[in-house]
Structures are given as structure tokens and as C-alpha cells.
Amino acid sequence: MQTSAILSVLGEDRVGIVAAVSAALAETGTNIEDIRQTILSGVFSMTMLVTVDEERTSFEGVQARLAEVSESLSMQITLQREDVFRFMHRV
Amino acid sequence: MLQISPEEIAETLTMITQQHLDIRTVTLGLSLGGCAADDVATVAARVYEKVSTAAQRLVPVAEAIEREYGIPIINKRIAVSAISELVCGSGHDLTPIAVAMDRAAREVGVDFIGGFSALVHKGIGAGDRMLIDSIPAALASTERVCSSVNVASTRAGINMDAVLRMAEITLETAALTAEHDSIGCAKLVVFCNMVEDNPFMAGAVHGSGEADAVINVGISGPGVVRAVVESLPKDADLTTVAEAIKATSFKITRAGELVAREAARRLGVEMGIVDLSLAPTPAEGDSVAAIIEAIGVKRCGGPGTTTALALLNDAVKKGGAMGTSSIGGLSGAFIPVSEDANMVRAVRDGALTLEKLEAMTSVCSVGLDMIAIPGDTAVETIATIMSDAYAIGVINSKTTATRLIPAIGKVAGDTVDFGGLLGAAPVMNVSQWAGTVLARRGGRFPAPLSSLRN
């Protein structure tokens with residue numbers, strides 16, 4: 027099952043954030059569809075639209091892998107199914 | 503392509519992480535058809551079997567949805583058919599059925615199970631009488647069982663005999679659970695115009711007009727609404743305030759709608775309703791009273807409170823109505839005193855009284871809720887505090903309910919503490935001028951003229 031999800035990364039800017047996050051996604055077979063990234067007053071903020079391939083790695087499995095990245099980078103990383111945002115922000 | 507802007511994503515994350523956006527409850531409504539029997543032990547065994555089997559996957563499914571969508575689901579609960587309809591004979595103690603419900607609830611991991619209930623708005627049947635008589639022992643000997651009794655309706659009027667009996671039962675329940683601040687009464691609601699699809703406790707019952715199994719969802723989010731109102735300029739007019747609440751309510755409701763659909767799909771049961779009630783928690787800021795104060799009342803309970811609450815309640819419904827086509831349950835702001843930190847503060851400050859709470863009942867949902875009163879309050883006083891709330895419901899064709907807690911051994915100003923979501927509250931002052939004679943007259947308050955609508 028292919029599941030669309032939104033990945034949000036927030037925290038202090040440093041070298042290697044995009045590399046670490048995208049490596050974790052590649053490992054789990056999660057495809058990046060779109061990326062937006064900015065730095066505001068030293069705060070790194072990245073939003074990705076990704077597709078989780080649940081036949082390869084379960085949603086929970088991807089979340090667990092990202093939790094490791096979150097801990098090693100001390101960044102806030104969340105992965106949520108995309109429909110929650112569509113439901114809340116579109117009529 | 504990313505169709506949602508990073509700002510919208512950030513808004514949702516802020517709502518969840520900082521403003522207490524959550525789904526208050528995912529409640530599985532379960533029919534107990536087939537569990538009726540001649541003897542109480544058989545009913546209890548059948549109820550245990552049915553609940554523990556049918557609700558087995560509820561908690562894991564709700565937890566998976568919670569993880570995948572990133573929205574906390576605070577409570578997972580079960581509402582069953584009114585137990586009074588399953589029993590035969592007379593004079594039996596129905597506590598064993600409550601104990602069976604409690605055991606099943608613990609086993610499947612839900613925090614509350616509702617349905618130890620009876621509907622007696624027009625008359626009390628043999629099964630109803632057994633159930634009502636069993637309430638104090640049932641609530642004292644179980645942890646997760648909730649009980650409710652419907653004593654009035656717009657179509658039938660108020661059964662004043664039942665009201666007086668429920669006042670007695672409230673006092674007996676308080677006495678039996680006195681060691682724990684009379685917590686039994688926190689699990690007992692007496693209704694006027696009870697609904698069949700309420701996902702919230704303590705009043706959830708699976709109505710006889712419902713399918714075998716349904717998922718009903720109760721939204722939450724007073725913290726989110728408060729944050730939105732507080733972010734408006736102090737001179738924003740009330741139309742602007744209503745508009746902001748409406749837009750927020752839409753978003754909260756959509757989260758509820760999504761969770762309801764997904765939970766029903768994964769469990770293979772029907773999606774029932776989304777209940778648009780704003781339900782406070784004792785957490786700082788997650789408060790309906792705080793919204794009233796943010797709208798511009800110095801302290802909840804002061805003049806302007808009813809206006810602000812009416813505006814809030816109406817705007818929540820208007821926004822929610824766009825968010826789901828399955829509105830149901832109680833769908834009105836809750837004002838449970840002990841569960842709302844700003845309401846507790848308002849009582850302590852002398853701003854909020856029982857009489858003002860009664861006025862507030864007329865413009866929102868379940869009214870005299872989680873109110874601690876002195877333990878020596880006379881039964882007639884309790885009965886007439888209750889009947890005043892039901893009169894509002896009967897005449898205005900709306901649900902009203904009471905969850906009064908006579909705090910045994912305590913007087914006005916003392917504190918009761920239930921812990922968790924039930925919170926803590928000061929014991930409130932009760933009028934000494936109650937309708938003692940009225941309470942003892944009994945009989946039926948006739949159905950109002952407004953009930954003749956055909």
C-alpha cells in the first residue's frame with residue numbers, strides 16, 4: 027500500500043539534516059515527492075510530501091526510523107498521513 | 503505536489519503540540535441484543551462475552567490511528583444498550599452485570615463503559631426499578647462502569663417520582679463511595695432528553711434505534727478555540743469573534759470526521775456520528791471558561807457569561823456543520839466544573855454560582871455537570887436542583903443533565919479531588935430555599951404544549 031504522508035522537521039539549523047532525513051527515507055523505501063525548506067532566524071524548517079511504501083516498510087516502521095534520526099539530530103520530526111491536513115484545511 | 507502550505511501544516515502541529523487539540527473519545531456503540539435472560543448471572547456472562555469479543559480491536563485500532571495521523575485520541579470507550587432492557591423479574595440486584603461490564607472493559611483496555619442505564623421519563627418498569635436500585639452498589643464495586651437514567655423528555659414531561667428516586671440514589675451512591683470523595687456520583691448522569699448516540703461519559707448509552715455496532719467520535723479542542731480568540735485584537739467585534747471560532751471548529755471537526763471514518767473502516771463497523779461538543783480538561787488553558795473569559799468576561803460566571811457561551815456554542819455548531827454530515831450526540835459546549843481549571847477558579851473567586859450554571863445550561867449542552875455540593879444537602883433540595891435543569895430541557899426541546907456530587911462530610915468551600923480527567927472542585931454553596939414540598943408531590947410534570955408538533 028502506498029500512503030501519502032507529510033514529514034515535518036523543525037529545530038536548530040546544522041549541517042547534515044537533509045542528508046540524514048533523506049537517507050532514512052531511502053533506507054525505508056519512502057519516496058520524496060516534494061520538499062520545501064527554509065531557515066528563519068536560525069530555525070530550520072522543512073516540510074516534505076512523501077509516499078510510504080507499506081509493503082516494504084510499515085508506517086510505524088518509518089516513524090520509528092525517523093525517531094532515531096530525530097534523537098541523533100535533536101530535531102523535532104513528525105510523520106503524519108497526508109489526509110489529516112487535507113481534511114482540516116480544505117472544504 | 504505539496505497542496506497544503508507549510509503554514510497550514512505548522513498550524514496543525516501547533517494546535518496539537520501547544521493547544522491541546524485532540525480527539526476526546528472514540529466510542530464503540532454496541533448492541534446487547536441477545537444478551538437478555540431470565541437470571542442475572544446469565545445476563546452478566548453474556549454481556550461479558552459480547553463486550554470482550556466485539557471490542558477486542560478497539561484500542562489497538564484507535565492507537566494505530568493516533569500514531570499515523572499524529573492526533574492524540576484521549577479516550578477509548580464503549581457504550582452498550584441500556585441494561586434495564588435485558589433483565590426479567592423483580593427484586594434482583596443487578597450489580598453482577600456491572601461487575602461483568604467492568605471486567606470486560608478492563609480486559610479490552612477502555613477507560614469507561616457506559617450503559618448501566620434506564621429510561622424512565624414516562625414510567626418506571628420492573629427492570630428499570632431493579633437497575634436504579636442497583637446503581638449505588640454497582641458504582642461502588644466497579645471502576646469503569648458509568649450509569650445514566652433518563653427521567654424527562656419534551657414528549658413526555660418530567661417523571662417527578664423518578665427525579666426524587668434519583669436524588670436518593672445520588673445520595674446513596676455518594677455515601678457508598680464516601681472514602682473516595684463520593685466518586686461514584688461522577689459516574690452517574692441523570693438526563694432530560696437523553697440522546698441515543700452520545701460518545702461522552704458518563705452518559706453514553708447505545709440507543710435502541712442504532713445499528714449493532716457503530717463508532718461515535720467526540721471532538722475536543724477548547725484550548726485551540728481559546729488560543730484563536732486570544733489572538734484576536736481586543737476591539738474585534740463579536741461577528742469577527744464568531745467567525746474565528748467557526749473556522750476553528752471546522753478544522754477540529756474535520757479531524758474528528760477523519761478519525762471516525764477511519765476507525766469505523768478499520769473495525770468493519772458503521773460510522774455513527776461526530777459529536778461537536780467542546781469538552782474541557784483540567785489542563786491549564788484547555789478550558790471552556792477560559793474561552794468565555796477570552797471573549798471578554800472578567801471571570802466565568804459574571805454578567806456576560808451566558809451571552810459569550812451562547813455565541814461560542816452556536817459558532818462551534820455552524821463551523822462543525824460544514825465539517826461533517828454526521829453531527830450527533832450532545833453537540834454543545836460542556837461546562838463540567840471540576841474538569842475545567844478556569845471554572846474551578848471562578849467558583850473559588852465567588853464569580854460562578856449554581857444558579858448561574860443553571861442559566862448557562864439553557865444555552866449549551868449538559869448543564870449541572872461535575873458539581874460538588876455539601877454532603878448534608880437534603881434529598882428534596884437535590885431533587886429540585888435536578889428538576890430545574892430538566893424543566894429547561896423539556897420546555898426548550900434540548901438535552902439537559904445533572905451530575906451532582908454530594909461530598910459526604912464536606913461543606914461549602916472544601917475540596918473534592920477525583921484525579922485525572924475528572925479533576926478537583928470546590929464544594930459549592932446550595933440555596934437553603936428549596937422546593938421541599940414540590941419535590942415530594944411526585945407525579946408527572948405534563949408534556950409541554952411545545953411537544954404537540956404533529
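As you go down the protein sequences, you meet chains E and L in turn.
Just so we're aligned, residue 27 is where the first sequence starts under the working numbering, counting upward by one.
Just so we're aligned, residue 503 is where the second sequence starts under the working numbering, counting upward by one.
We put the CB at the ideal spot given by N, CA and C, even for glycine.
Worksheet item: Just to confirm, are L/V776 and L/S827 a CB contact at a threshold of 7 Å?
Response: The answer is no: Cβ separation not under 7 Å.
Worksheet entry | Cα-Cα separation, L/N718 to L/M773 | Whole-angstrom Cα-Cα distance: 7 Å.
Fill in: Sequence-distant residues of its chain with Cβ nearer than 7 Å to L/T808 (five each side left out)
Within the same chain, L/T808 has close Cβ partners A861, M862, V865.
Worksheet item: E/L75: beta carbon under 6 Å from a heavy atom of the ligand NAP?
Response: Summarising the ligand content, the structure contains no ligands, and the ligand NAP is consequently not present.
Item to complete: Give the residues of chain E in contact with L/L780, contact being defined as C-beta atoms less than 8 Å apart.
Response: Residues of chain E with a Cβ closer than 8 Å to the Cβ of L/L780 do not exist; the shortest Cβ-Cβ separation is about 17 Å.
Worksheet entry | Neighbour list for L/K552 in chain E, Cβ cutoff strictly below 9 Å | The premise fails here: L/K552 is roughly 30 Å from chain E at the closest Cβ pair, so nothing lies under 9 Å.
Item to complete: With a 10 Å radius around its C-beta and 16 neighbouring C-beta atoms as the bar for buried, classify L/K552 as buried or exposed.
Response: The residue is buried, with at least 16 neighbouring Cβ atoms inside 10 Å.
Worksheet item: Which residues does DSSP pair with L/P876 in a beta bridge?
Response: L/A909.
Worksheet item: Who are the neighbours of L/L588 on chain E, taking C-beta pairs under 9 Å?
Response: Chain E residues near L/L588: none, gap ~39 Å exceeds 9 Å.
Discussion item. Strictly below 8 Å CB to CB, what residues from chain L border E/T104?
Written reply: Neighbours of E/T104 on chain L, chain order: L515, G572.
Practice prompt. Over the uninterrupted alpha helix (DSSP H) stretch that includes L/S632, give me the two end residues.
Written response: It should be pointed out that residue 632 of chain L corresponds to Met in this sequence rather than to Ser. Counting along the chain, the alpha helix (DSSP H) containing L/M632 begins and ends at 628 to 642.
Discussion item. Which same chain residues end up closer than 7 Å to L/A749 when comparing Cβ atoms and leaving out the 5 residues on each side of it in sequence?
Written reply: Scanning its chain for C-beta atoms nearer than 7 Å, with the 5 sequence neighbours on each side dropped, one finds around L/A749 the residues G821, in chain order.
Worksheet item: Using the C-alpha atoms, what's the distance from E/A93 back to L/A874?
Response: Going from the Cα of L/A874 to the Cα of E/A93 covers about 44 Å.
Worksheet item: Should E/T73 be flagged as near chain L, meaning a C-beta pair shorter than 7 Å?
Response: In terms of beta-carbon proximity, E/T73 lines the interface with chain L, with at least one pair separated by less than 7 Å.
Worksheet item: Three-state secondary structure (DSSP) at L/R955?
Response: Three-state result, L/R955: coil.
Item to complete: Apply the 10 Å Cβ neighbour rule to L/G617 and answer buried if 16 or more other Cβ atoms are within range, or exposed otherwise.
Response: Buried.
Fill in: Cβ distance (whole Å) where L/I573 is taken to contact L/A757 below 8 Å
Separation of the CB atoms of L/I573 and L/A757 is rounded to 6 Å, and the pair is thereby assigned contact status at 8 Å.
Item to complete: Give a yes or no on contact between the region 38 to 45 of chain E and the region 92 to 111 of chain E, applying the rule of three or more CB pairs nearer than 8 Å.
Response: Because the criterion of three Cβ pairs below 8 Å is met, the region 38 to 45 of chain E and the region 92 to 111 of chain E touch.
Item to complete: Jot down the residue ranges of each uninterrupted alpha helix (DSSP H) in the region 695 to 748 of chain L, minimum 4 residues, whole runs only, in chain order.
Response: Runs found: 724 to 733.
Fill in: Contacts that E/D109 makes with chain L (C-beta to C-beta distance below 9 Å)
Listed along the chain, the chain L residues whose CB falls inside 9 Å of the CB of E/D109 are Y571, L760, E764.
Worksheet item: Does the region 579 to 588 of chain L touch the region 602 to 622 of chain L, meaning 3 or more C-beta pairs lie closer than 8 Å?
Response: The region 602 to 622 of chain L makes contact with the region 579 to 588 of chain L, as at least three CB pairs between them are under 8 Å.
Fill in: Complete runs of the beta strand (DSSP E) confined to the region 28 to 107 of chain E [at least 3 residues]
Whole beta strand (DSSP E) segments, 3+ residues: 28 to 38, 57 to 66, 69 to 79, 102 to 107.
Worksheet item: Going by C-alpha distance, which of L/V610, L/D524, L/D595, L/M503 is nearest L/Y550?
Response: Nearest to L/Y550 by alpha-carbon distance, out of L/V610, L/D524, L/D595, L/M503, is L/V610.
Discussion item. Using only the alpha-carbon positions, how far apart do L/L870 and L/R579 sit?
Written reply: Spanning the two alpha carbons is a distance of roughly 23 Å.
Discussion item. Helix, strand or coil for L/C802? Go by DSSP, reduced to three states.
Written reply: Shown here, L/C802 sits in coil according to DSSP, grouped into three states, outside any helix or strand.
Practice prompt. Output yes or no for whether 7 Å exceeds the beta carbon distance between L/A835 and L/N815.
Written response: For the 7 Å CB-CB criterion, L/A835 and L/N815 form a contact.
Fill in: Where the beta strand (DSSP E) containing L/R579 begins and where it ends
Where L/R579 is concerned, the enclosing beta strand (DSSP E) stretches over 575 to 582.
Discussion item. Counting only Cβ pairs nearer than 7 Å, list the residues of chain E close to L/R756.
Written reply: Result: F113, M114.
Discussion item. The beta strand (DSSP E) that contains L/F618, what's its start and end?
Written reply: Note, L/F618: beta strand (DSSP E), 614 to 621.
Practice prompt. Grab me the residues of L/L534's own chain with a C-beta within less than 7 Å of its C-beta, minus the 5 sequence neighbours each way, in chain order.
Written response: Excluding residues within five positions, the ones whose Cβ falls inside 7 Å are V549, K552, V582, S583, L588.
Practice prompt. Check whether the Cβ atoms of L/D540 and L/C590 sit closer than 7 Å, and answer yes or no.
Written response: Yes. Within cutoff.
Worksheet item: Listing by chain order, which chain E residues have their CB less than 9 Å from the CB of L/K753?
Response: The answer, in chain order, is F113, M114, H115.
Worksheet item: What's the C-alpha gap between E/T56 and E/V117?
Response: Those two C-alpha atoms are separated by around 29 Å.
Worksheet item: Do you know offhand how far L/D890's Cα is from L/L854's?
Response: Taking the straight line joining both Cα atoms gives about 18 Å.
Worksheet item: If you check the beta carbons only, do L/A688 and L/V647 fall under 7 Å apart?
Response: Taking 7 Å as the Cβ cut-off, L/A688 and L/V647 do not qualify as a contacting pair.
Worksheet item: So what does DSSP say about L/M503, is it helix, strand or coil?
Response: Coil.
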